[in-house]
Amino acid sequence: MNLYFKTPVKGSVEKVLSGFNKELFMNLKPPGVKVDLRRFDGCKKGDLIELELVSPFGKQVWEGKIIENYESENEAYFIDIGVKLPFPIKSWRHKHIPTTIS
């Protein structure tokens with residue numbers, strides 16, 4: 010199954026990428042999901058993210074790793090994968106693509 014999430018963030022691509030910090034990360038989580046951010050290194054290749062999710066199944070850990078990041082004049086993105094995932098998710102690969110909105 011593939012899921013697609015789109016969350017508008019006002020500002021230029023450069024501003025959004027440079028401001029992608031712990032606070033923005035937490036503001037982008039799906040509504041109604043209880044998450045404790047245990048680690049957030051950033052959004053560059055090799056950076057790690059660790060979350061604790063509270064769900065009907067109890068507390069579960071989500072660990073992710075940034076495997077690729079790219080910035081050019083015309084495009085920017087970073088890709089994270091799941092290293093340790095909560096039940097029932099078996100795999101995770103997510104490409105974050107900032108776009109400009111006004």
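Residue numbers (the working numbering): 10 to 111.
For every residue, glycine included, the Cβ atom is placed at its ideal position computed from N, Cα and C.
All values derive from a computational prediction rather than experimental measurement.
Local Cβ density within 10 Å of residue i, reported as buried at 16 or more and exposed below that
i: P107; result: buried
i: F29; result: buried
i: D45; result: exposed
C-beta atoms of residue i and residue j nearer than 9 Å
i: W101; j: G73; result: yes
As assigned by DSSP and simplified to three states, the class of residue i
i: E59; result: strand
i: V92; result: strand
i: E32; result: helix
i: L37; result: coil
Beta-bridge partners of residue i, as assigned by DSSP
i: W71; result: L60
i: V44; result: L62
i: E77; result: I88
Range of the contiguous alpha helix (DSSP H) that encloses residue i
i: K24; result: 22 to 27
Unbroken beta strand (DSSP E) run spanning residue i, endpoints
i: K54; result: From DSSP, K54 is part of no beta strand (DSSP E); its letter is neither H nor E.
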